[in-house]
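First up is the structure itself, then whatever we jot down about it.
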Amino acid sequence: MKRGLIFTLTACVLLSMLYCPPIDLWYDDKQIFRYAGLLLYKGSVPYRDFFDHKPPLIYFFNCAGLLLGSWGLWIIDTLLMTGASLLFYRLCRQKNLAWAPLLPLLFNLLIRNYLVCEGIGMTRAYTAIFLLMAFCILMGESRYKFFWLGLLTGATLLMQQDQLLPLLPFLVYALWTARHRPASAAQSLDPVSRLWPLLLQQLAQSLGGFLTIVAPVLLYFGLHHALTAFWHDAFLFNFSWYTEGSSFIEKYRAVKAGLRETDTEMPLMICLTIGISALFVKTSNKRLLIAALLAIPLAFGPEAISGRSSTPGSSFYYYFLSLSAVLPILIFAVWTSSNDSFFQSRKSQAVFGFLLCFSLSYNAVQRATHLTFRSENMVSVTPEYQYLRQQSLADYQLYILGNNNWAYAYNECRILSPSPWIYHHFWSWYDHWDNDHKILASIGQDLLRHQTRYVVDFSATGTFVDSSAYTFWKAFLHEHYQPVTLNGRTSTLLWELIPLRH
Numbered sequence: 004m005k006r007g008l009i010f011t012l013t014a015c016v017l018l019s020m021l022y023c024p025p026i027d028l029w030y031d032d033k034q035i036f037r038y039a040g041l042l043l044y045k046g047s048v049p050y051r052d053f054f055d056h057k058p059p060l061i062y063f064f065n066c067a068g069l070l071l072g073s074w075g076l077w078i079i080d081t082l083l084m085t086g087a088s089l090l091f092y093r094l095c096r097q098k099n100l101a102w103a104p105l106l107p108l109l110f111n112l113l114i115r116n117y118l119v120c121e122g123i124g125m126t127r128a129y130t131a132i133f134l135l136m137a138f139c140i141l142m143g144e145s146r147y148k149f150f151w152l153g154l155l156t157g158a159t160l161l162m163q164q165d166q167l168l169p170l171l172p173f174l175v176y177a178l179w180t181a182r183h184r185p186a187s188a189a190q191s192l193d194p195v196s197r198l199w200p201l202l203l204q205q206l207a208q209s210l211g212g213f214l215t216i217v218a219p220v221l222l223y224f225g226l227h228h229a230l231t232a233f234w235h236d237a238f239l240f241n242f243s244w245y246t247e248g249s250s251f252i253e254k255y256r257a258v259k260a261g262l263r264e265t266d267t268e269m270p271l272m273i274c275l276t277i278g279i280s281a282l283f284v285k286t287s288n289k290r291l292l293i294a295a296l297l298a299i300p301l302a303f304g305p306e307a308i309s310g311r312s313s314t315p316g317s318s319f320y321y322y323f324l325s326l327s328a329v330l331p332i333l334i335f336a337v338w339t340s341s342n343d344s345f346f347q348s349r350k351s352q353a354v355f356g357f358l359l360c361f362s363l364s365y366n367a368v369q370r371a372t373h374l375t376f377r378s379e380n381m382v383s384v385t386p387e388y389q390y391l392r393q394q395s396l397a398d399y400q401l402y403i404l405g406n407n408n409w410a411y412a413y414n415e416c417r418i419l420s421p422s423p424w425i426y427h428h429f430w431s432w433y434d435h436w437d438n439d440h441k442i443l444a445s446i447g448q449d450l451l452r453h454q455t456r457y458v459v460d461f462s463a464t465g466t467f468v469d470s471s472a473y474t475f476w477k478a479f480l481h482e483h484y485q486p487v488t489l490n491g492r493t494s495t496l497l498w499e500l501i502p503l504r505h
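At position 118 of the sequence shown the residue is numbered 121 (this note's numbering), and the sequence of numbers has no breaks.
Here you go:
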């Protein structure tokens with residue numbers, strides 16, 4: 004037992020170290036989340052002072068990480084990963100699996116696959132952790148099981164709404180098994196009279212856990228007069244805009260290509276083969292097996308809704324992160340509920356474990372042997388950034404348009420943007436976005452109101468699919484700003500506010 008525990012802890016920490024701050028993977032979304040944490044740290048309010056369509060828990064995580072220092076978010080991430088891995092390991096031990104550390108290892112290899120994860124700090128990685136924790140809790144005998152399930156459901160909702168889909172079958176399973184648990188002789192005299200009180204008790208516990216995490220967030224936004232903005236931006240917005248009309252075939256092809264490119268196709272096919280095969284042999288818990296199988300297509304639900312991977316030139320492979328939880332859960336369901344000697348065999352479990360972990364372990368070795376320092380050089384070595392670093396910038400004195408990677412400049416200078424609109428990919432995705440240019444006009448008004456000194460402008464690199472939007476923005480820029488001369492040449496990116504003429 005001790006060796007298995009040490010192995011699980013060591014694997015979890017070492018795989019997390021592949022993404023520690025000096026060598027973490029660069030991804031622009033993480034710069035946006037980091038900026039939102041800075042905004043909270045400085046007393047501003049998401050959705051009111053900053054537009055995004057993600058739920059707010061990732062912002063609070065980044066704010067907490069900022070308070071803890073440069074390694075803060077990594078520490079939070081690693082502690083959550085360790086907690087989930089230990090819960091899963093303990094569950095595997097309780098169920099007497101021959102190779103108890105194997106499935107926790109598979110979970111860690113999947114979620115730390117550099118071809119999928121984009122490093123630490125991604126919302127779908129956290130919801131995968133929450134999903135595995137919820138599964139371990141529902142399989143246990145805790146008196147407060149439904150409280151914790153409600154809390155983790157609320158955490159998932161506030162971290163990434165669409166990740167409730169793969170969690171749903173397990174919540175249904177938890178309610179079903181609790182209602183149909185064998186009763187004692189005295190209790191079985193009147194099972195109907197006990198059904199509703201038991202159900203109400205479970206729902207009350209779940210609601211209590213849910214509100215434990217959701218109520219403080221609602222109170223926070225309510226007290227800051229941002230509740231309406233929170234509801235509109237983090238929820239309604241995604242139903243009205245953040246969807247894609249590509250066909251099912253296009254989405255299927257994109258998902259298949261993504262699975263192949265991320266070395267996730269083989270583990271998925273092995274798990275599906277084992278899971279579906281187990282349906283045709285005698286099992287002690289077929290409902291759990293069905294719930295685990297249902298979670299796999301539901302894990303692709305977010306991609307089916309948004310179609311991000313089928314967008315030309317995109318690689319939203321982090322949408323596959325929920326598989327890191329549902330695949331080990333499916334194998335656990337097969338190995339613990341199947342009564343077939345083949346699935347129970349110590350040798351067959353070792354063979355399947357090797358097949359599942361080999362290519363993923365190779366990816367981990369590839370990552371470990373090709374470590375590079377963070378890729379902020381795409382921003383920090385540019386002459387524009389070097390010039391800005393010498394200017395002692397304050398809040399609202401810099402605005403970046405058309406390049407999410409440059410949110411790095413806000414974070415490193417610890418300054419706030421003059422406009423809530425710090426990223427602009429909707430202008431490049433939708434030709435009918437901001438048709439009347441009201442948002443662009445509001446950006447210009449904010450720049451003038453704050454007398455923003457510098458603008459870094461990437462609008463010429465395809466920010467606007469609507470040519471009239473590009474014309475509108477350039478007219479504003481040329482009227483109020485002038486190019487900055489850097490190293491003897493006029494920059495096409497960096498613009499400075501024209502001094503007021505008296």
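No residue lacks a Cβ here, since even glycine has one placed at the ideal position from N, Cα and C.
7 Å CB neighbourhood of residue i in its chain, flanking five on each side removed
i: residue 105; result: 356
i: residue 110; result: 88, 91, 135, 327, 328 and 331
i: residue 61; result: 36, 126 and 162
i: residue 274; result: 330, 333 and 334
i: residue 490; result: 386
i: residue 123; result: 22, 27, 76, 77 and 80
i: residue 170; result: 134, 137, 156 and 159
i: residue 412; result: 382, 388, 391, 401 and 403
Cβ neighbours of residue i in the same chain (closer than 6 Å, five flanking residues each side left out)
i: residue 150; result: 208, 211 and 212
i: residue 130; result: 159, 162, 163 and 166
i: residue 190; result: Unreliable positioning characterises residue 190 in this predicted model, as indicated by a pLDDT of 48, which lies under 50. The coordinate reading is nonetheless provided below. So the list is empty, once near-sequence residues are dropped.
i: residue 298; result: 169, 172 and 329
i: residue 233; result: 50 and 224
Which listed residue (the options) has its alpha carbon closest to that of residue i
i: residue 115; options: 172, 27 and 146; result: 27
i: residue 214; options: 176, 178, 157 and 261; result: 157
i: residue 382; options: 269, 410 and 394; result: 410
i: residue 465; options: 95, 201, 96 and 432; result: 432
i: residue 19; options: 39, 121 and 56; result: 121
i: residue 343; options: 284, 54 and 319; result: 284
i: residue 497; options: 470, 302, 401 and 240; result: 401
i: residue 453; options: 461, 426, 304 and 500; result: 500
i: residue 375; options: 232, 350, 239 and 29; result: 29
i: residue 301; options: 100, 168 and 477; result: 168
i: residue 101; options: 484, 451, 473 and 349; result: 349
Distance, residue j Cα to residue i Cα
i: residue 494; j: residue 487; result: 6 Å
i: residue 267; j: residue 420; result: 39 Å
i: residue 118; j: residue 366; result: 8 Å
i: residue 390; j: residue 221; result: 42 Å
i: residue 324; j: residue 80; result: 15 Å
i: residue 503; j: residue 457; result: 15 Å
i: residue 2; j: residue 85; result: The structure shown does not extend to residue 2, since the chain is modelled only from 4 through 505, so no value can be given for it.
i: residue 384; j: residue 435; result: 36 Å
i: residue 398; j: residue 417; result: 8 Å
i: residue 5; j: residue 103; result: 11 Å
i: residue 172; j: residue 141; result: 12 Å
i: residue 475; j: residue 440; result: 8 Å
i: residue 392; j: residue 380; result: 14 Å
i: residue 59; j: residue 443; result: 25 Å
i: residue 187; j: residue 201; result: Below a pLDDT of 50, predicted positions are generally treated as unreliable, and residue 187, at 47, falls in that range; no measurement from the model is reported.
i: residue 282; j: residue 240; result: 40 Å
i: residue 237; j: residue 8; result: 39 Å
i: residue 132; j: residue 17; result: 17 Å
i: residue 216; j: residue 51; result: 21 Å
i: residue 206; j: residue 154; result: 12 Å
i: residue 230; j: residue 224; result: 5 Å
i: residue 46; j: residue 449; result: 19 Å
i: residue 459; j: residue 427; result: 13 Å
i: residue 144; j: residue 287; result: 18 Å
i: residue 303; j: residue 322; result: 8 Å
i: residue 257; j: residue 96; result: 38 Å
i: residue 445; j: residue 423; result: 9 Å
Integer-rounded CB distance, given that residue j should sit under 8 Å from residue i
i: residue 43; j: residue 63; result: 7 Å
i: residue 235; j: residue 48; result: The pair is not a contact, with the Cβ atoms about 14 Å apart (cut-off 8 Å).
i: residue 98; j: residue 339; result: 5 Å
i: residue 139; j: residue 94; result: 5 Å
i: residue 272; j: residue 362; result: So it is not a contact: roughly 12 Å between Cβ atoms.
i: residue 2; j: residue 308; result: Since the first residue of the chain shown is 4 and the last is 505, residue 2 is not available in this structure.
i: residue 71; j: residue 41; result: That belief does not hold up - the Cβ atoms of residue 71 and residue 41 are roughly 14 Å apart, past 8 Å.
Residues near residue i by beta carbon distance below 8 Å, same chain, minus five either side
i: residue 277; result: 333, 334, 337, 346 and 355
i: residue 429; result: 244, 436 and 437
i: residue 468; result: 430, 431, 432, 433 and 434
i: residue 32; result: 121, 125 and 407
Residue-level contact to chain C via CB, residue i, 7 Å cutoff
i: residue 129; result: The structure shown has no chain C; it contains just one protein chain.
Check whether the segment 252-265 touches the segment 282-302, taking contact to mean three or more Cβ pairs, one atom from each stretch, closer than 8 Å. No: the two stretches stay apart, fewer than three of their Cβ pairs being nearer than 8 Å.
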